[in-house]
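Beneath this line is the structure, given in structure tokens, with notes to follow.
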Amino acid sequence: MDLSKLDSYKESNRLEAKAAQGGIPKSIWESVCAFANTSGGIIVLGAKERKDKTLEVAGLDDAHKMLDDFWNAALSKDKLSARFLQEEDARIEVVDGKEVIVIEVPRVSRVMRPVFLNKDILGETWRRTHTGDHRCTREEIQSMLRDAGTTSDDSRIAEDADMDYIDYETVRKYRKRFEFRNEGHIWNDASDEDFLTFLGAAGKDKDGILRPTYAGVLMFGKDCWITRVLPNYFLDYRQETSSDTRWEDRFVSFSGDWSGNVYDFYIRVYNKLKASLKVPFKLEGIERVDDTPAHEALREAIVNCVTNANYHESRGIVCLWKDDALTIANPGEFRIPLKKAMLPGESNPRNATMLKMFAMIDAGERAGSGISKIFHGWKAAGYAEPSYEEEYGPDRTILTLPLQKAPEYNLPTNKEPDKIERLTENEKEAIRIVGRTGRVTTRALVDATGLSRKAASALLKRLSNRDYLQWHGSSNNDPEQYYSIKDDQHHSD
1 MDLSKLDSYK
11 ESNRLEAKAA
21 QGGIPKSIWE
31 SVCAFANTSG
41 GIIVLGAKER
51 KDKTLEVAGL
61 DDAHKMLDDF
71 WNAALSKDKL
81 SARFLQEEDA
91 RIEVVDGKEV
101 IVIEVPRVSR
111 VMRPVFLNKD
121 ILGETWRRTH
131 TGDHRCTREE
141 IQSMLRDAGT
151 TSDDSRIAED
161 ADMDYIDYET
171 VRKYRKRFEF
181 RNEGHIWNDA
191 SDEDFLTFLG
201 AAGKDKDGIL
211 RPTYAGVLMF
221 GKDCWITRVL
231 PNYFLDYRQE
241 TSSDTRWEDR
251 FVSFSGDWSG
261 NVYDFYIRVY
271 NKLKASLKVP
281 FKLEGIERVD
291 DTPAHEALRE
301 AIVNCVTNAN
311 YHESRGIVCL
321 WKDDALTIAN
331 PGEFRIPLKK
341 AMLPGESNPR
351 NATMLKMFAM
361 IDAGERAGSG
371 ISKIFHGWKA
381 AGYAEPSYEE
391 EYGPDRTILT
401 LPLQKAPEYN
411 LPTNKEPDKI
421 ERLTENEKEA
431 IRIVGRTGRV
441 TTRALVDATG
451 LSRKAASALL
461 KRLSNRDYLQ
471 WHGSSNNDPE
481 QYYSIKDDQH
491 HSD
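Under full-length UniProt numbering, the sequence shown has 396 at position 396, and the numbering climbs by one with no breaks.
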């Protein structure tokens, strides 16, 4: 945050200003709690709102004493339910010759949530929305407590369900794909009930009775039974690409003409949405290949949505096809910050058992690279960059996959164009990817060209050695290594 521009800022879901002319305001703790329970944020003491909602620096008479008062309360066991603030999170700054206190509240780990005040979890748990701090409902508190658990919520036995809740036609379709992907697997000869048990879709309750797990009910149940276990469960697909009608195509989970479960929804919605993708003509031998990085990204996006959804929350899952973009939205926020979720190897799914079920038929990424695969695959296909948005109250995660092409990047012609022309098409594509996205990785080049990983890695190293690209990374084994355009291109072909 650039404090020199404070007078141009307005309060938001990540910024709170308090004049604090009479000392530490009581409401500061509601904001600290609210930011900790959502995405974090900044509190400025010694600033106030103008009529146009921009901020004005008022300053503090004794900032040092006020900062001491803040820490005395923050470290008290009676104020905050958890100690998560570090010394560097609160400091005195000088703006326009006046002292203010800046408090940077971090997003708290899910295992520490909910953060609450005054030892009162039901009455003093707060969250942040665009309209400010709000006191959490019992349902919001329960949702945070579920997310704080060390085991996946969907692995629990659905105590009020029985095996008749399962749609065995869906199980048959899943097993058919499982057998195709896992030829010779020992589970292929198991009975349906044993197979579901091995998969984590069923288990015995305390009385030894076999019942579905939450994952089993969601993946393979019938909608009429799923909603008995999870009343807010709802799946919705809509195509709204015409201005003449409200929608051109739609199906929902409760219609009764299909199972309404998550697995069948995944198959149905993917087959609908893939029609929006442009498929280039490509041959492998004499066979046409219709699968592109965008198709892989789309499958991953749907799996990511259904396995991270909070099925206890309202509004359900909505997949929408419009002229300019596909949007895939699910109830529930990310369980870790989005920037962290984008890193290879980072995975914290809300429904880990369901993710395992998809991964066992090669329909989801268990290695923690699912979100990066969505972004890389979509951009490698030439589309504009996807984006995620988180909403709070009720919590919601929305992925937008633009259908417009990314701006075309022209190869540089002002520096030795004859040598640019001597590059192979795959080498030119590597440079184009950097031009469109700012960087290129081995994986992105593999997705864009179909080269093997070994060949793509060698190509990028070759371009780096010839000063077309510049390598970034801590070692050859760094999972975050990438290449960018080298500004000072002195080619030595």
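Don't be surprised by glycine CBs; every beta carbon is placed ideally from N, CA and C.
Got a sec? Which residues, its chain only, sit under 6 Å from residue i by beta carbon, not counting five neighbours each side?
{"i": "D153", "result": "R146"}
{"i": "H130", "result": "N13"}
{"i": "N477", "result": "none"}
{"i": "S457", "result": "T442"}
{"i": "E30", "result": "W126 and D133"}
{"i": "E124", "result": "F116, L117 and N118"}
{"i": "N188", "result": "E179"}
What residues in its chain sit with their C-beta under 7 Å from that of residue i, if we drop five residues either side in the sequence?
{"i": "K486", "result": "D467, Y468, L469 and Q470"}
{"i": "L67", "result": "A90, I92 and I101"}
{"i": "L15", "result": "Y9, G41 and I42"}
{"i": "M219", "result": "A201, N261, V262, Y263, M354 and M357"}
{"i": "S143", "result": "N310, H312 and E313"}
{"i": "I157", "result": "G203, D205, R211 and T213"}
{"i": "A34", "result": "W126, R127, R128 and D133"}
Taking a contact to mean a Cβ-Cβ separation below 8 Å, would you say residue i touches residue j in this structure?
{"i": "F198", "j": "R175", "result": "no"}
{"i": "V105", "j": "I28", "result": "no"}
{"i": "S39", "j": "R107", "result": "yes"}
{"i": "I24", "j": "D69", "result": "yes"}
{"i": "P394", "j": "R335", "result": "no"}
{"i": "residue 496", "j": "L60", "result": "Only positions 1 to 493 of the chain appear in the structure, and residue 496 is not among them; the question remains open."}
{"i": "A82", "j": "V115", "result": "yes"}
{"i": "T292", "j": "V303", "result": "no"}
{"i": "N330", "j": "T397", "result": "yes"}
{"i": "S484", "j": "V434", "result": "yes"}
{"i": "Y388", "j": "L355", "result": "no"}
{"i": "V111", "j": "Y165", "result": "no"}
{"i": "G200", "j": "L235", "result": "no"}
{"i": "E300", "j": "K373", "result": "yes"}
{"i": "T327", "j": "L399", "result": "yes"}
{"i": "A58", "j": "L6", "result": "no"}
{"i": "P402", "j": "A325", "result": "yes"}
{"i": "L45", "j": "K18", "result": "yes"}
{"i": "L460", "j": "N426", "result": "no"}
{"i": "D160", "j": "K119", "result": "no"}
{"i": "A215", "j": "S155", "result": "yes"}
{"i": "F375", "j": "E390", "result": "no"}
Give the C-beta separation of residue i and residue j to the nearest angstrom, bearing in mind that I take them to be a contact with Cβ-Cβ under 8 Å.
{"i": "T307", "j": "G364", "result": "7 Å"}
{"i": "Y311", "j": "L230", "result": "5 Å"}
{"i": "A294", "j": "L320", "result": "At roughly 17 Å, the Cβ-Cβ gap does not stay under 8 Å, so A294 and L320 are not in contact."}
{"i": "R128", "j": "Y392", "result": "7 Å"}
{"i": "G438", "j": "K405", "result": "That pair is no contact at about 17 Å."}
{"i": "D362", "j": "R181", "result": "5 Å"}
Let me know if residue i comes out buried or exposed under the rule of 16 or more other beta-carbons within 10 Å of its beta-carbon.
{"i": "W126", "result": "buried"}
{"i": "G256", "result": "exposed"}
{"i": "residue 572", "result": "Only positions 1 to 493 of the chain appear in the structure, and residue 572 is not among them; the question remains open."}
{"i": "W71", "result": "exposed"}
{"i": "L122", "result": "exposed"}
{"i": "I209", "result": "exposed"}
{"i": "N465", "result": "exposed"}
{"i": "A275", "result": "exposed"}
{"i": "A341", "result": "buried"}
{"i": "E87", "result": "exposed"}
{"i": "I186", "result": "exposed"}
{"i": "G221", "result": "buried"}
{"i": "W225", "result": "buried"}
{"i": "N271", "result": "exposed"}
{"i": "E429", "result": "buried"}
{"i": "V94", "result": "exposed"}
{"i": "R422", "result": "exposed"}
From the options, pick the residue whose C-alpha is nearest to that of residue i; which is it?
{"i": "T424", "options": "G97, S31 and T449", "result": "T449"}
{"i": "T170", "options": "D223, G208, H130 and K356", "result": "D223"}
{"i": "D323", "options": "G260, G332, Q239 and F358", "result": "Q239"}
{"i": "R250", "options": "N351, V269, Y263 and K65", "result": "V269"}
{"i": "I103", "options": "Y263, G370 and A63", "result": "A63"}
{"i": "E333", "options": "A381, N351 and E429", "result": "N351"}
{"i": "D205", "options": "D189, N232, Y233 and D162", "result": "D162"}
{"i": "L80", "options": "K26, K65, T54 and K53", "result": "K26"}
{"i": "M360", "options": "E183, T151, K428 and E11", "result": "E183"}
{"i": "I371", "options": "K428, E427, C305 and N426", "result": "C305"}
{"i": "E49", "options": "Y266, I317, A20 and L85", "result": "A20"}
{"i": "V318", "options": "Y233, E179 and N188", "result": "Y233"}
{"i": "T54", "options": "F84, L3, E11 and I267", "result": "E11"}
{"i": "S109", "options": "N348, R462 and R436", "result": "N348"}
Quick one: residues in its chain with C-beta nearer than 8 Å to the C-beta of residue i, no 5 flanking neighbours on either side, listed in chain order?
{"i": "G473", "result": "E480, Q481 and Y482"}
The ligand MN and residue i: does the residue's C-beta get closer than 7 Å to at least one heavy atom of that ligand?
{"i": "N476", "result": "The model depicted lacks the ligand MN and carries no ligand whatsoever."}
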